[in-house]
Amino acid sequence: MSGQCRVFDAGPDPFGRTWKVEFRWLQTGISIRHADTVDVKFLVTPEGGISEEKVIALPHPALLALSREHGRKLTDPLCMRIAAAHLKHMVETSEDMDKTLVTVTPEELAAYDQQLNGVTVPRRG
1 MSGQCRVFDA GPDPFGRTWK VEFRWLQTGI SIRHADTVDV KFLVTPEGGI SEEKVIALPH
61 PALLALSREH GRKLTDPLCM RIAAAHLKHM VETSEDMDKT LVTVTPEELA AYDQQLNGVT
121 VPRRG
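For the record, in the sequence shown the residue sitting at position 77 is 77 according to my numbering, with numbers rising by one throughout.
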């Protein structure tokens with residue numbers, strides 16, 4: 001995945017479509033739904049289809065642990081990149097595409113972090 005996570009294409013999905021993805025916002029989940037997450041919202045549109053909202057929830061404690069482990073700050077760009085990587089995986093596999101809100105597991109967070117930092121990680125499934 002390129003470094004661009006505000007507007008990008010994802011796919012193809014299992015049906016051969018490419019999806020246009022646009023970043024909308026990032027905020028703490030505690031402020032809107034009393035969850036200890038960082039929520040990243042995207043608008044996704046399949047070729048010739050209708051746009052849908054997807055919110056990727058990143059568990060805050062797991063993000064903090066990951067940041068401490070690697071000695072770096074927890075930043076908005078890092079959260080956006082991890083959320084974009086998970087959304088790309090969702091589109092390519094159709095996993096959880098029926099959901100508006102998807103919570104990433106701590107194990108997935110670690111795998112995406114490694115993937116984004118140039119470490120090869122096996123895909124699920």
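Cβ atoms here follow ideal geometry from the backbone N, Cα and C, with glycine treated the same way. Bear in mind the structure is a predicted one, so any value in this text is a computation, not a measurement.
- Counting the other CB atoms within 10 Å of its CB gives Glu53 a total below 16, which places it among the exposed residues.
- Per DSSP, reduced to three states, the secondary structure at Ile50 is coil, with no helix or strand assignment.
- Assignment of Lys88 by DSSP, reduced to helix, strand and coil, places it in the helix class.
- Counting only residues of its own chain and dropping the five nearest sequence neighbours on each side, Asp113 has a CB closer than 7 angstroms to the CB of Leu66, Ile82.
- In this structure, Leu58 sits near Thr37, with a CB-CB distance shorter than 8 angstroms.
- Counting along the chain, Asp9 sits inside the beta strand (DSSP E) bounded by residues 7-10.
- Looking at the DSSP output, Ala57 shares a beta bridge with Asp39, Thr103.
- Bounds of the beta strand (DSSP E) holding Arg24 are 19-28.
- Exclusion of the five residues before and after Trp25 leaves Lys41 as the residues of its chain whose Cβ lies within less than 6 angstroms of its Cβ.
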